[in-house]
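Letter 218 of the sequence shown, counting from 1, is numbered 375 in my numbering, and no numbers are missing. Ideal Cβ positions, reconstructed from N, Cα and C, are used throughout, including at glycine. Quick notes on the structure that follows.
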Amino acid sequence: MKTLRLYGAGLLVALLLVLAACNINGGGSGGSGGGGGGGGGSPDFTLSLNSTSLSIQQGGSDTTQLTITPQGGFTGTVNLSLVDGSGNLVPGITLAPPSVNVTGSGAVTQDLTVNVATSVAPNTYNLQVRATNGSLTKTAGLSLTVTASGGGGGGGGGSGVGTTWTLRTPQGNRLFGVAYGNNIFVAVGELGTILTSRDGVNWTQRTSGTSDSLRGVAYGNGTFVAVGSYGTILTSP
């Protein structure tokens, strides 16, 4: 009987030791599992353009606005270039500025100027704005239509400029005036509308900072002047 009691006590002690070992191992696993919560996203950025289509005359230029949004604590200099679908630079088509600095956590916007040399053939070019920083490379599509520069000999009496007209896409608000200077058209209208165009065909909405209707615009001495309701006067630049 005494032997049986000792044997039972031994089994109980062994069982308690096994349970204790299981608890220790389980607790250790849980501890290592808790360590998986650390870390975060790698530094990165996204790229976008406010206008993905431009029409530029040979020898001219136009602008679009670039937005770079940092992610995961990204900062640094982002190098910019304008390339074709194969990643090659296009002779005669350049982009400025060549880089943008990202210094904080907020999105960075930058006006980009696309310049077209007179040697570039009239055509539609499917390009990409390429942004790089180290191993990071992002692209945004840009369709560029290059039109022929003006010129040619004088015309006869029955045909030519001002004789044949083409209806272009309406721009929404009523327009009251247009002026041309420094290789650009500027149109103004109701509710502070200001539009600009390099070729008279493709127009870009600009921010006027007013909701007053603009009744007229003129160009002189390197400056556009727009006037409107309630004595409103705007100048550019």
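How far does the beta strand (DSSP E) with tyrosine 282 in it extend, from its first residue to its last?
Taken as a continuous stretch (DSSP letters only), the beta strand (DSSP E) holding tyrosine 282 covers 280–290.
Suppose contacts are defined by Cβ-Cβ distances below 8 Å. Is glycine 338 in contact with valine 345 by that definition?
No. Outside cutoff.
Please report how far the alpha carbon of valine 265 lies from the alpha carbon of alanine 253, in whole angstroms.
Cα to Cα, the separation comes out at about 16 Å.
Classification of leucine 223 by the beta-carbon crowding that lies within 10 angstroms, buried from 16 upward
So leucine 223 ends up on the buried side.
Going by DSSP, name the residue or residues bridged to serine 256.
For serine 256, the pairing in a beta bridge is given by DSSP as Asn236.
Taking only the alpha-carbon atoms, compute the straight-line gap between glycine 184 and serine 256 and give it to the nearest angstrom.
Residue confidence for glycine 184 is low, a pLDDT of 46 falling below 50, so the modelled location carries little weight and cannot support an answer.
Beta-bridge partners of threonine 380, as assigned by DSSP
The partner list for threonine 380 (beta bridge, DSSP) reads Gly377.
Cβ of valine 273 within 8 Å of Cβ of glutamine 215?
Yes, they are a contact pair.
Using only alpha-carbon positions, find the residue among Thr281, Phe202, Thr326, Thr260 that is nearest to glutamine 228.
Here the closest residue by C-alpha is Phe202.
Quick check on glycine 329: does DSSP put it in helix, strand or coil?
In the structure shown, the three-state DSSP call for glycine 329 is coil.
Three-state secondary structure assigned by DSSP to serine 365:
Judged by DSSP in its simplified three-state form, serine 365 adopts coil rather than helix or strand.
Grouping DSSP H, G and I as helix and E and B as strand, with all else coil, what is serine 306?
DSSP, read as helix, strand or coil, puts serine 306 in coil.
Check this for me: beta carbons of threonine 209 and serine 276, under 8 Å apart or not?
Not in contact: threonine 209 and serine 276 (Cβ atoms no closer than 8 Å).
Pull up the DSSP beta-bridge partners for proline 227, would you.
Within the DSSP bridge table, the entry for proline 227 names Phe202 as partners.
Could you compute how far the alpha carbon of leucine 332 sits from the alpha carbon of glutamate 347?
Using only the alpha carbons, I get a separation of about 6 Å.
By how many angstroms is the C-alpha of tryptophan 322 removed from the C-alpha of serine 368?
Rounded to whole angstroms, serine 368 and tryptophan 322 show a C-alpha spacing of 31 Å.
Give the single residue among Ser262, Asp268, Asn258, Pro279 whose Cα lies nearest to the Cα of threonine 289.
Closest by C-alpha distance to threonine 289, out of Ser262, Asp268, Asn258, Pro279, is Asn258.
Tell me whether the beta-carbon of glycine 217 lies closer than 8 Å to the beta-carbon of asparagine 359.
When the beta-carbon positions are compared, glycine 217 and asparagine 359 stay at least 8 Å from each other.
Measuring straight from C-alpha to C-alpha, what distance separates tyrosine 395 and valine 382?
Given that the chain is displayed from residue 158 to residue 394, the structure contains no residue 395 and the question cannot be resolved.
Taking serine 354 as part of the beta strand (DSSP E), name the residues at either end of that continuous run.
Membership of serine 354 in the beta strand (DSSP E) is indicated by the continuous run 351–354.
Less than 8 Å between the C-beta atoms of threonine 221 and leucine 206, yes or no?
Yes; because the gap between Cβ atoms is below 8 Å, this pair is in contact.
Span of the beta strand (DSSP E) around asparagine 339
No residue range can be given for asparagine 339, since it is assigned to no beta strand (DSSP E) and is classified by DSSP as neither H nor E.
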